[in-house]
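To convert, take the position in the sequence shown, counting from 1, and add 240; that gives the numbering used here. Just so you know, even glycine gets a beta-carbon here, dropped at the ideal spot from N, CA and C. Before any comments, here is the structure.
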Amino acid sequence: MKLLKANNYHEMSKKAAEVILNQLKEKPNSVLGLATGGTVLGTYECLVEDYKKNHTSYQHVQTFNLDEYTGMSRTDSHSYHYYMNENFFKHIDIPTDHIHIPNGLGKDLIGECQNYEDKITEYGGIDLQLLGIGQNGHIGFNEPGTSFDIKTHVVTLTESTRKANARYFESISSVPTQAITMGIGTIRKSKHILLLASGKEKALILQQLFNDVIDEIVPASVLKMHSNVTIIADEEALSLLDDEKVKVLLT
Ligand code: F6R
């Protein structure tokens, strides 16, 4: 895993946007895997800023989002469809039929998961997957204990994830209990993975991520088995790693 250190959230976001823009320069028809949440919001802001200034085109890009709540309308302001549209898609020139986000509304959710997986394969797999990380080590909505081989599936959210996401809702009881998520087996097939972490809330999990253990109890530890992972973390997120370790990781 390659580590890039940022001084703060803003610098992390700028560096992440640079990685994405370089990917698009190299391959204008890239397949991007995208995430939602607080960590990646600044990255989308930087990409939108770049679009306004440099007109980087998304005409040939396909995007696949990691996850979506079940039973929530796309226009619900808590849905990941809404988040992506408001924070990114409506500001760039991506054709709407190039945007793929799991549909958590259908009757056949298992069929939807299979279709989603098939569609990713059809487009040749994900070139660059953007990830945040949960305080419990989750990636996508793959909670601790999830098999490293699982593909896109319906998941019941843990109490700790619902609590962490309650900040976006009126109360924890309004946070959905289920979601569709790309599986760890789906995520790890991506050619390049870009994981971002910011803030002291992520310091403990980053400390665990940089030890030698690979275990399904820490879903993100699967990334240590991948040959092309870039982690961009800010000072607060790296605050529990000793300086020597960070120095080694940065070289
Ligand atoms: C979002 C996702 C989640 C988040 C993670 C971190 O699509 O799949 O795994 O990346 O929960 O969320 P934030 O960035 O809000 O701390």
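Where does residue i land, buried or exposed, given buried means 16+ other C-beta within 10 angstroms?
{"i": "valine 395", "result": "buried"}
{"i": "histidine 498", "result": "The requested residue 498 is not part of the displayed model; the chain covers only 241 to 491."}
{"i": "glutamine 369", "result": "buried"}
{"i": "histidine 295", "result": "exposed"}
{"i": "isoleucine 412", "result": "exposed"}
{"i": "valine 453", "result": "exposed"}
{"i": "methionine 465", "result": "exposed"}
{"i": "phenylalanine 409", "result": "exposed"}
{"i": "glutamate 326", "result": "exposed"}
{"i": "lysine 265", "result": "exposed"}
{"i": "serine 430", "result": "buried"}
{"i": "lysine 442", "result": "buried"}
{"i": "glutamine 354", "result": "exposed"}
{"i": "glycine 344", "result": "buried"}
{"i": "threonine 336", "result": "exposed"}
Can residue i be considered in contact with the ligand F6R, in the sense that its beta carbon sits closer than 7 Å to one or more heavy atoms?
{"i": "alanine 492", "result": "Because the chain is modelled from 241 through 491, residue 492 falls outside the range shown and cannot be assessed."}
{"i": "valine 415", "result": "no"}
{"i": "leucine 446", "result": "no"}
{"i": "tyrosine 320", "result": "yes"}
{"i": "phenylalanine 381", "result": "yes"}
{"i": "histidine 378", "result": "yes"}
{"i": "aspartate 307", "result": "yes"}
{"i": "isoleucine 420", "result": "no"}
{"i": "leucine 490", "result": "no"}
{"i": "leucine 397", "result": "no"}
{"i": "glycine 374", "result": "yes"}
{"i": "glycine 278", "result": "yes"}
{"i": "leucine 371", "result": "yes"}
I think residue i touches residue j, with their Cβ atoms under 8 Å apart; what is that distance to the nearest whole Å?
{"i": "isoleucine 424", "j": "isoleucine 379", "result": "7 Å"}
{"i": "leucine 281", "j": "alanine 257", "result": "In fact, because the Cβ distance is near 12 Å, the residues do not count as touching under 8 Å."}
{"i": "serine 283", "j": "serine 253", "result": "Reading the sequence as shown, one finds threonine at residue 283 and not serine. Rounded, the Cβ-Cβ distance is 5 Å, consistent with contact."}
{"i": "threonine 417", "j": "leucine 306", "result": "No, threonine 417 and leucine 306 are not in contact; Cβ-Cβ is about 18 Å, not under 8 Å."}
{"i": "tyrosine 323", "j": "arginine 314", "result": "Actually they do not touch by this definition, with Cβ atoms about 11 Å apart."}
{"i": "alanine 419", "j": "threonine 276", "result": "Rounded, the Cβ-Cβ distance is 11 Å, inconsistent with contact."}
{"i": "lysine 330", "j": "isoleucine 472", "result": "Lysine 330 to isoleucine 472, Cβ: 25 Å. No contact."}
{"i": "phenylalanine 388", "j": "threonine 401", "result": "The pair is not a contact, with the Cβ atoms about 19 Å apart (cut-off 8 Å)."}
To which residues of the same chain is residue i closer than 6 Å at the C-beta, ignoring the five residues directly before and after it?
{"i": "asparagine 248", "result": "Asp474"}
{"i": "threonine 279", "result": "Gly372, Leu436 and Ser438"}
{"i": "valine 271", "result": "Gln302, Tyr363, Ile366 and Asp367"}
{"i": "alanine 460", "result": "Ile373, Gly377, Ile379 and Leu449"}
{"i": "tyrosine 356", "result": "Pro342 and Thr392"}
{"i": "tyrosine 291", "result": "Ile332"}
{"i": "proline 268", "result": "His300"}
Please go through the same chain and pick out, in chain order, the residues whose beta-carbon is closer than 8 Å to the beta-carbon of residue i, but skip the five residues on each side of it.
{"i": "lysine 485", "result": "Phe450"}
{"i": "proline 384", "result": "Asn376, Gly377, His378, Thr398, Glu456, Ile457, Val458 and Pro459"}
{"i": "glutamate 251", "result": "Asp474"}
{"i": "glycine 351", "result": "none"}
{"i": "leucine 444", "result": "Gln375 and Leu480"}
{"i": "isoleucine 334", "result": "Tyr298, Gln299, Val301 and Thr303"}
{"i": "glutamate 285", "result": "Ser253 and Asn327"}
{"i": "glycine 346", "result": "Glu352"}
{"i": "valine 259", "result": "Leu368, Leu434, Thr470 and Ile472"}
{"i": "arginine 428", "result": "Phe388, Val462, Leu463, Met465 and His466"}
What does a CB cutoff of less than 7 Å around residue i pick up in its chain, not counting 5 residues either side in sequence?
{"i": "leucine 463", "result": "Met241, Ile433, Leu435 and Val469"}
{"i": "asparagine 405", "result": "Val415"}
{"i": "isoleucine 360", "result": "Phe304, Ile366 and Thr426"}
{"i": "lysine 440", "result": "Glu476 and Ser479"}
{"i": "leucine 261", "result": "Asp290 and Thr296"}
{"i": "leucine 490", "result": "Leu243 and Lys245"}
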